[in-house]
Each structure stands twice: as C-alpha cells, then as structure tokens.
Amino acid sequence: MIDIPQSFWLDEDQLKFPEIELALKEPNGLIAIGGDLSLNRLLEAYSRGIFPWYGKDEPILWYSPDPRMIITPNSFHLSKSLKKTINSSRFDVLVDTSFNNIIRQCQEAPRFGQSGTWIDDEMVKAYTNLYKEGYAHSYEVFENGELVGGLYGVALGGVFFGESMFSLVSNASKVAFAFLLQNSHYQLIDCQVENRHLESLGAYNIPRDLFMQQLKAFV
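Below, the structure is given as structure tokens:
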C-alpha cells in the first residue's frame with residue numbers, strides 16, 4: 131500500500147500544491163490528490179511543472195515525474211520520410227480551429243496497452259475552458275478537408291505542455307508535432323513521461339530539477 135503524506139490532499143479552497151521535492155518515487159512523480167480542474171488551479175499546476183493524470187473512478191491525481199521527457203526545436207529530428215510527407219502538400223495544418231474535435235478524438239483514440247483513456251468528460255470541459263481563455267491550443271491536420279490527426283496542449287510563455295495526440299492515418303500526428311516545433315515560438319515542449327514514439331522525433335529525458343530551471347526561464 132502507498133503511504134500518502136497528509137499534505138498531498140488538496141484543499142478545495144486553496145490552490146497551493148506541495149513542494150515538488152516531496153513527489154513520490156513510486157508512483158513516479160505523484161505530488162497531490164484531489165482538488166478540482168478549475169482554470170486557476172490548472173494554471174498554477176502547469177506553472178509549477180505539475181499536471182493531472184488519473185483513471186476512471188480515481189480521484190484527481192497530480193504528477194511531476196522525474197525524469198521529465200522534453201523536446202526542443204533544436205533536438206527535433208525530421209526524418210527524410212517525414213520531410214517528404216510534409217513537402218508533398220498531402221496535409222493541411224491549422225491551429226485552434228477545431229479544438230473540441232481534437233480533444234474528443236484524443237479521448238476516443240485507442241491506446242496501445244491501455245483499456246481506456248485518462249481524458250474523461252471533466253477533463254474535456256476543463257481543457258476546453260483553458261482553450262476559451264487562450265491557454266490551451268490545438269494543432270489540426272486535414273486531408274482533403276477531413277480531420278485526420280492532431281494534438282492539443284497547454285501554453286505558458288515559451289513552453290508548450292503537450293497533452294495528447296491522435297492519428298486516423300499514418301503520420302498525421304507527426305505532421306502536427308513537426309508543425310508545432312517548426313512554426314511556433316515555443317522554446318520547450320513538455321512531453322511529460324517517456325514515450326518511444328516521441329523519442330524517435332528527438333524527445334529526451336532530463337532530471338526534474340533541470341526541467342524546473344528551464345520552465346522558470348521560459349514561462
């Protein structure tokens with residue numbers, strides 16, 4: 131059984147999170163439980179390198195894992211095949227025109243090794259609110275006018291916190307990711323936890339304390 135410190139249980143009336151250094155090693159990065167997904171709490175969390183991640187029938191769980199996977203425009207690896215796909219003009223990429231469709235597709239997309247999704251209706255509502263307030267963004271890939279892939283995340287200053295992506299056809303999410311890296315002002319893309327798909331594009335792990343230093347520098 132996991133021994134949860136009393137300080138991890140969030141007060142509904144206060145936005146304060148425990149200090150990052152208190153995060154558990156197992157499960158990696160668990161730092162708080164409960165609270166809500168209000169706009170102000172989410173902004174406070176992301177500004178401190180914390181994000182919500184929980185499953186069905188669980189309370190809201192907040193994480194700040196160590197190490198942290200990131201990618202930057204300089205580390206991005208654009209393969210010859212992906213470059214060819216982008217240059218073929220097969221896909222059109224738009225930003226913030228179909229946020230609701232993007233998050234719903236991410237919610238419904240099957241995940242390898244997972245029986246469900248962490249994106250419940252409460253999260254959809256919360257991140258849609260972030261979008262309406264200008265803090266969440268979607269990158270949308272269209273083929274012949276049909277939405278076939280994309281991603282969404284939260285942006286603070288020069289940092290984009292990637293949340294989820296999906297593809298209905300091969301390479302669609304990679305095209306969205308490449309567009310994000312090559313056509314935005316973001317200096318740091320937070321990929322949260324290790325992901326081999328993103329690692330193939332140039333994402334890599336760094337210690338949490340180094341991530342926090344970069345976060346403070348770019349937000």
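Residue numbers for the sequence shown, in our numbering: 131 to 349.
For glycine and all other residues, C-beta sits at the position ideal for the given N, C-alpha and C.
Here the structure is a predicted model, which is why all the values come from computation and not from measurement.
When the beta-carbon positions are compared, Phe348 and Gly283 stay at least 7 Å from each other.
Annotation for Ile150: Ser194 place their beta carbon closer than 6 Å to its own, counting only its chain and skipping 5 residues before and after.
Closest in C-alpha terms to Arg326, from the list Gly185, Leu160, Asp141, Met199, comes Met199.
In the three-state scheme derived from DSSP, where H, G and I count as helix and E and B as strand, Ile201 is classed as strand. When the five nearest sequence neighbours on each side are left out, the beta carbons in the same chain lying within less than 7 Å of the beta carbon of Tyr176 are those of Val284, Leu286, Phe291, in order along the chain.
The region 258 to 274 makes contact with the region 221 to 228, as at least three CB pairs between them are under 8 Å. Gln136: not part of any alpha helix (DSSP H); DSSP gives it neither H nor E. Listed in chain order, the non-local C-beta contacts of Leu145 below 7 Å within the same chain comprise Asn170, Arg171, Glu174, local neighbours out to five positions each way being set aside. In this structure, the alpha-carbon of Arg338 lies about 5 Å from that of Asp196. Nearest neighbour of Leu208 by Cα position, chosen from Leu340, Leu331, Gln343, Met342, turns out to be Leu331.
For Arg234, the CB contacts under 8 Å within the same chain, skipping 5 residues up- and downstream, are Val254 in chain order. Within the region 255 to 325, complete alpha helix (DSSP H) segments of at least 4 residues are found at 302 to 312, given in chain order.
Runs of the alpha helix (DSSP H) lying entirely within the region 151 to 236 and spanning at least 4 residues, in chain order: 169 to 177, 210 to 217. For the set Lys155, Leu277, Phe229, the Cα lying nearest the Cα of Asp133 is the one of Lys155. With a contact defined as Cβ atoms closer than 8 Å, Met295 and Gly179 miss out at about 21 Å. Annotation: the continuous alpha helix (DSSP H) that includes Lys346 extends over 338 to 348. Closest in alpha carbon position to Ser168, among Asn158, Tyr184, Leu152, Glu142, is Glu142. At a Cβ-Cβ threshold of 7 Å, Ser297 and Gly275 do not count as neighbours.
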